[in-house]
Structures are given as structure tokens and as C-alpha cells.
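Notes follow once the structure below has been shown.
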Amino acid sequence: MSAWITKSAAELADALAAGEVTSVELTQAHLDRIAAVDGQVHAFLHVDAEGALAAAAASDARRAAGSPASVLDGVPIAVKDVLATRGLPTTCGSKILEGWIPPYDATVVARLKDAGLPILGKTNMDEFAMGSSTEHSAYGPTHNPWDLDRIPGGSGGGSAAALAAFEAPLALGTDTGGSIRQPGAVTGTVGVKPTYGGVSRYGLVAMANSLDQVGPVTRTVLDSALLHEAIGGHDPRDSTSIDQPLPALVEAARLGAAGDLSGLKVGVITELSGEGYQAGVLARFQESLDLLVAAGAEVVEVSCPHFVHALATYYLIMPCEASSNLAKFDAMRYGLRVLPEGVESPSAEDVMRASRDAGFGDEVKRRIILGTYALSSGYYDAYYGTAQRVRTLISGDFAAAFEQVDVLVSPTAPTTAFKLGEKLDDPLAMYLNDLATIPANLAGVPGISLPAGLAEEDGLPVGFQILAPALADDRLYRVGAALEAALERQWGGPLLAQAPALAPALAPAPGHATTEENR
Amino acid sequence: MPEITRDEVAHLANLARIDLSDAELDHIAPQLSVILESVASISGVAGDDVAPTSHALPLTNVFRADVPVPCLSAEEALAGAPASEQQRFMVPRILGDEQ
């Protein structure tokens, strides 16, 4: 195992700039790690060794010529399989897109390429980002590197597990109801959902357009800030993209790391702590609050009374948008086409029905049917209309809270990682994992999850969530970096240093040097 | 809010163009009822005086200058098609005998 793979992206960028290592070496080290451990973790759906090494060689040439494309030029990255990558398979964890090779790049992917980051491959996820455990992936679940029998969170469990298993120093995720932050929490990694509109959604295969957001998946707060600055900012190809510059995120993270939070007011959301939260989660949360106070922050309790309705509101709005979005998988222009059995000369509609039955998994079908129901004539006002009005009340709670405090905080997820299979066929139990992360998506505000330590009862990671007003993403980084620094002083290093070592596969494929499908 | 029956789920699946087998209907229909029962808790939370929010940010129509920009070639656009012919998507028949 190369010593480079446990470094942060910021450290790797510095080492590249100082000429201590080449991008080809770093990229190969991560490809070797993937070959050694991904058989157990299954974070990747596709590994592009050839493409990544070619991009790394080009990066090294730029460095040698003294003209790196960005600070992160040459630092490899993994990309969630819901983002279109030109020439690389993009399945969204679904059989309906098996083998689809997009003819274009998502804007965030184009920005990674422009910034010189070699793309290692595509990461596993719940089908169309619907789930909290990656168990809804049509290609098999990802395993949590802390305990391979447990879920890595979802939907972006592949990206988070890749970071936790040191298979990649950076990754992209997407967050519709917590799909970046909840996997971050249960794998002991960092994940950020930027302000809605702060990062382009062009080329992101939409689940719920009004809630989806692309964001960084990393091991440190500073790394998230670096990646956020690389992918963020206005994109004319996304009409919901915010047409103004990002705040200074990296600067905020560096400022926060100095540790002084004097004058900062932190609000603990009454409705998002207490009942339903695991004891070890609450204990770590309280410990982090104490560290914020020690750093000079004032901590108060703030009530957001309508947050108790956020989960129900989300599970109406999201299926409505998802059922509309997934109508495009019609077996005509791209994706799976299945002919119905025993039908002579089937019509386009027959083919559509058979293809969608064969191509979509259970959770996707549930949500499509739920959305179709809630949008049907006669029910629209009762369901979708009602949910949209409650959404207004939830945004109002945020606005009122941010008049009293600078940031809001809560545990990221109510529990630590549960066992694979435990909640797979109990949709409501699965939905409860997103209790604390959903309000931010409904209101469009930014949020971060960072590791807060291990729960005493099971020794598994706990996440601490920080939420800020829309457009004030810099506050996440300032407060997050301060808390991270204080926690790491207690731990004597990063939390992931305490993760069990993954035994390398008995016979790793030598070099793993060709583009290949895993499993 | 009403419970969702197995027949209704079959009808909705038809509207959503998904062939659900009997086994799938038996499995999914009760789950949907449980979910609907749970989300029904928000009825009556917001009065009619509360304006609906469709989007997290207030947005008006966004336009760009009306100038051509490069786009996919026909070959690229057709690259993922299950079947194509003469630079067109090839699809099964659209009309039935009765039409």
C-alpha cells in the first residue's frame, strides 16, 4: 500500500507542486488500491485505468512545463455514476442504462477535466439515487469499509466508501435528500451539499430537479472547499444555476482551521436531536457542541417547528418529480429495449412497458407509482399542492432561525451504519435515515457532514451536520474546519486512521491496467 | 386521504407504462399504502393562505442569446439508440390494429 493514498487532496496537490510525486504515480497508487480492495468494498461500477493514466501523464507534462491547470491538477478523483461522462459508462446504478456511453460530459465533469483531475472511474449508488444504503443498486451493494457487513449509506455510498477505503482522494456525489451527507456520516468522511444552484446540474441524471445538488465527497473539510471551488459557479447550461461568484470557500476553511469561532452563534435544532437518535450519536454530537463552545462559539437551541413534517413533504415532492423525470426512459432513444414475451408485433407502448418493468428495480417502481398517484387529477392538490405549501413553512423556519444564529447544527443521521439487508424491504424505515438531511434540500440551503467520532456502543462513525443560509456556503467551511481541527487534536489524527485495515485481495490483478468492468 | 388498492396500483402502473407482474403488485401495493398513510400526516399543516414553493430559489424565466452553439452530431445523438436507420431512431409500430 502506497503511503500517498492516505494523504488529503490538499497534501497531494502540495506534493505535486513541490515535485515530490507525479500524477502518474498517484493515479497508479490509487488504481492499485482499487485492484486490491474493491473486490470487498465494491465502491466502483467502472474503473478507467487507461483514461486516468493518460490524463495523469498529460497533467505531469503541464507541471513539467510550469503551467498546471489548477491547484488540483493531477489529483485523481472518482465520479458518482449519475453524472454523464463522455466515453465512460453511466448507469445510475440501473439496468435500464446498462452499457450506455454518454456522448457528452456533465458540466462538473468537464470542469474536473479542465482543472486536470484524472477520473479513476464511476462509483456505485442506489438506482437513480433512490435510497440510503446503495442496496438498491442493480449491480449489488457497496460495503462500508468500517465493517463490510454494513451499509455505506446512500445513495452515494460508492463515493463515500471509495474515500473511506483510500481508493480515491476525492469524489463527486449528489444530494437530493442527504445522499452526500448521510454516506459521509456513516463512513467517517466529509460531504457537502452546496446551496441549490451553486453547482451546475447539467449532465446530472435528475431524480428530483428542485432538490438535486452536486457536491464534494472528501476526507477533510479543506479538500471539500478545494473541490467545491473547482466545480462550482455559474453555468449557462443550467437555468437554475446562480449567476454570481462563489464565496471564498478555501479561505474560509483555512480561517476556520485556525480554530477561533468567537462571535459565532450556533443553533441546535430542537426537532433534530433527541427521540429516535442513537445514544452514541447524541453523545458524540454533544461532545462536538462542547468543542464549538471551547472555540468561542455561543450555542443556543432553536426550534424549527415544521421540520417534523419535512420527511412526509419530501416523500411527496420527490416521487412526483422522479416519476416525471423517469418518463424519459422509454426504450426508444437510448437505454434498455426489451420485447414483451409472447406478443406478436408488439407496439411501442408494449415495448415501453416491458422495458421499464425489466429495467427498473423495486424502489424506482415504488416511487414512480407513488408520484403518478400523487400527480393524478383529483389528488394533485391534496398531495403535491399540500407538500409545496409545507415546503414554504419549512423554508420559513430556516429564515427565522438564521435571524437568530449564523449556522444550525444537528447529527447528520439518527443512527450509525446498519447491517446490509436490515431495512431493504421496509421503505419507511429506510426513509427515516434522511430525517435530518432533508430539510436543507427542501429549502435549498447548504449543508456539510463531517466525522464527529465513533459511537461508543458499536465503534462506528457518527456525522455532525452544519447548515448555513443560502449562498453562505463559506460558513460551513469555517465552522467545519474549526470543529475538525479540535476533534483531530483529541483523536491525535484523522478519524479514518482508526478504521480497520482492509486485507488486500489474495491475488490482485497485476497492474489492473486496462479499462474493465468490476464484477 | 384514501388507501391505495391493488387495482389502483395496477392502473397506475399502466399509466406509468410499467408491466407489473401479479407478484410485484402483491408486494408493492401494501408498501405504497403504508407510505401514503405516513405522508398523509401533512394534510392540514399549511393553511390555504400559505403560498406553495415549487423551487428552493425564486426564479424567473432564464433566457440566453438566440445564437447557434455547437451540439451533438446525428451520430452522437443516435449512438445509444437500441435501433436506428438512415440517421433516425427506429421504433416499434406506434398504432394498433384498432387505430
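Protein chains in written order, with our numbering: chain W, 7 to 525; chain E, 879 to 977.
Think of the CB as a built atom: it goes at the ideal place given N, C-alpha and C, for glycine as much as any other residue.
| Check | Outcome |
| --- | --- |
| Under 8 Å, CB to CB, which of the residues in the region 9–33 of chain W have a partner in chain E? | none |
| Which residue comes first and which comes last in the alpha helix (DSSP H) that contains Ile920(E)? | Here Ile920(E) belongs to no alpha helix (DSSP H), and DSSP marks it neither H nor E. |
| Is there a Cβ from chain B that is less than 7 Å from the Cβ of Gln909(E)? | Given the protein chain composition of this structure (W and E), no chain B is represented. |
| Which parts of the region 85–165 of chain W are runs of the alpha helix (DSSP H), unbroken and 4 residues or longer, counting only runs that do not cross its ends? | 113–120 |
| In chain order, what residues of the same chain lie with their CB nearer than 7 Å to the CB of Asp218(W), ignoring the 5 residues before and after it? | Thr180, Thr182, Arg207, Leu210, Ala212 |
| Excluding the 5 residues flanking Ala961(E) on each side, which residues of the same chain have their C-beta closer than 8 Å to its C-beta? | Phe967, Met968, Val969 |
| Any chance you could list the alpha helix (DSSP H) runs of at least 4 consecutive residues sitting entirely within the region 452–507 of chain W, in chain order? | 479–497 |
| Taking the alpha-carbon positions, what's the Gly163(W) to Met338(W) distance? | 31 Å |
| Using CA atoms only, rank isn't needed, just tell me which of Gly137(W), Asp20(W), Ala64(W), Val30(W) is closest to Lys429(W). | Gly137(W) |
| Any beta carbon from chain W within less than 7 Å of Thr938(E)'s own beta carbon? | no |
| Specify the secondary structure class of Ile323(W) as computed by DSSP and reduced to three states. | helix |
| Identify which residue in Thr113(W), Lys371(W), Phe408(W), Ala478(W) has its Cα closest to the Cα of Val220(W). | Thr113(W) |
| How many Å lie between Glu304(W) and Val887(E) at the Cα? | 52 Å |
| In whole angstroms, what separates the C-alpha of Gly427(W) from that of Glu369(W)? | 14 Å |
| What residues from the region 892–905 of chain E come within 7 Å of chain W, judged by C-beta to C-beta, listed N to C? | Leu893, Ala894, Arg895, Ile896, Asp897, Leu898 |
| Using a Cβ cut-off of 8 Å, pull out every chain E residue sitting near Ser216(W), in sequence order please. | Ser932, His933, Ala934 |
| Work out the CA separation of Ala258(W) and Asp6(W) for me, nearest whole Å. | Since the first residue of chain W shown is 7 and the last is 525, residue 6(W) is not available in this structure. |
| Under 7 Å between C-beta atoms, does Tyr450(W) make it to chain E? | Reading off the sequence, residue 450(W) comes out as Gly, not Tyr. Yes - at least one Cβ of chain E is within 7 Å of the one on Gly450(W). |
| Run down chain E in chain order and give the residues with a C-beta less than 7 Å from the C-beta of Pro433(W). | Gln909, Ile913 |
| Pick out the complete alpha helix (DSSP H) segments inside the region 920–971 of chain E, 4 residues or longer, and give them in chain order. | 952–956 |
| Would you kindly report the start and end of the unbroken beta strand (DSSP E) that includes Val305(W)? | 304–308 |
| Going along the chain, which residues of the region 346–366 of chain W sit with their C-beta nearer than 8 Å to a C-beta in chain E? | Pro346, Ser351, Pro352, Ser353, Ala354, Glu355, Asp356, Val357, Met358, Arg359, Ala360, Arg362, Asp363, Phe366 |
| Quick one, are the C-beta atoms of Leu950(E) and Pro109(W) less than 7 Å apart? | yes |
| Have a look at Asp54(W), Arg243(W), Leu434(W) and flag the residue whose alpha-carbon is nearest the alpha-carbon of Val947(E). | Arg243(W) |
| Could you please tell me which residues of the region 108–136 of chain W, in chain order, have their CB closer than 9 Å to any CB of chain E? | Pro108, Pro109, Tyr110 |
| For a contact meaning CB atoms closer than 9 Å, what does Lys371(W) contact in chain E? | Ala891, Ala894, Ile896, Leu898, Glu902, Ile906 |
| Please confirm whether His52(W) and Gly367(W) have their CB atoms less than 7 Å apart. | no |
| Under a CB-based cut-off of 7 Å, is Ala957(E) close to chain W? | yes |
| Residues bridged to Ile416(W) by DSSP? | The identity of residue 416(W) in the sequence shown is Ser, whereas the question assumes Ile. Gln471(W), per the DSSP bridge assignment. |
| Quick check on this structure: which residue in Leu956(E), Ile896(E), Thr883(E) has the alpha carbon closest to the alpha carbon of Ile913(E)? | Thr883(E) |
| Contact criterion: CB-CB distance below 7 Å. Does Thr319(W) meet it with respect to chain E? | yes |
| Nearest CA to the CA of Leu893(E): which residue from Ser382(W), Ala407(W), Gln471(W)? | Ser382(W) |
| Can you tell me the Cβ-Cβ gap for Ala60(W) and Gly80(W), rounded? I've got them flagged as a contact below 8 Å. | The Cβ separation is near 13 Å, so there is no contact. |
| Counting pairs of Cβ atoms below 8 Å between the region 352–361 of chain W and the region 283–291 of chain W, do you hit three or more? | no |
| So, at 7 Å on beta carbons, what are the nonlocal neighbours of Pro475(W) in its own chain, with the 5 sequence-adjacent residues on each side left out? | Phe408, Val451 |
| So what's Pro311(W) in DSSP terms, helix, strand or just coil? | helix |
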